[in-house]
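Structure record follows, encoded as structure tokens.
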Amino acid sequence: MSAAELYQPRTIKRQRATRDEADQRRARLVALTEEKRPATVRQIFYAATVEGLVEKTEAGYAKVKTDLVLLRRSGAMPYHWLADNTRWQHKPETFKGLADALRETALFYRKALWVRTPIPTSRCGLKRTHSRVRSTRSPPSSTSH
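So the sequence shown is numbered by this note's numbering: it starts at 959 and just counts up by one.
Put into structure tokens, the structure is as follows:
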């Protein structure tokens, strides 16, 4: 057997939705989103997989995502029906300039009244799960635990 016989290219038969199938899927996505609004794209994707509208794959997720964008842009679905829960961003706080930074810092300034007291003090946490009392003669910092 030759290498040409072993490695014959295969045609890839992709099942592409017809226009009517895509319209039916999109109509159902609108109904699902209206039922669950506000909903995330992921929530609608999972609901669509349960109903058999799309396969539970990255390709299925891409179909839902693309359809929802088209539906919103065409006006068939209001923008506020989808929740845009973007991921949290952790970045340093920035300011326009030094004066702006000082103004913002002054808003959060709190004097540590008990740091240099000669008498024993107690501090309690406010949350029940974190409640504990610390008795100290001179606390190392003004933060309560």
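Backbone N, C-alpha and C define an ideal beta-carbon position, used for all residues, glycine too.
Under the DSSP definition of a beta bridge, residue 997 partners with 1040.
Annotation for residue 1023: the continuous alpha helix (DSSP H) segment containing it runs 1016-1032. Look at the segment 961-990 and you find these whole runs of alpha helix (DSSP H), each 4 residues long or longer: 961-964. Sorting 987, 971, 1055, 1065 by C-alpha distance to the C-alpha of residue 1012 places 987 at the top.
In the structure shown, residue 1011 falls within a coil segment according to DSSP collapsed to helix, strand and coil.
Distance between residue 1078 and residue 991, taken at the CA atoms: about 59 Å.
Inter-residue distance for residue 969 and residue 984 is about 29 Å (C-alpha atoms, whole angstroms). With fewer than 16 neighbouring CB atoms inside 10 Å of its own CB, residue 1059 falls in the exposed class.
Residues of the same chain with their beta carbon placed closer than 6 Å to that of residue 978 are lacking, with the five preceding and five following residues left out of the count. Under the DSSP assignment, residue 1066 falls in the alpha helix (DSSP H) whose first and last residues are 1056-1066. Take the alpha-carbon of residue 964 and the one of residue 974: they are about 29 Å apart.
Beyond the five residues adjoining it in sequence on each side, residue 980 comes within less than 8 Å, by CB distance, of 1025 in the same chain, given in chain order. For a cut-off of 8 Å, the C-beta gap from residue 994 to residue 1005 is around 7 Å, short enough to register as a contact.
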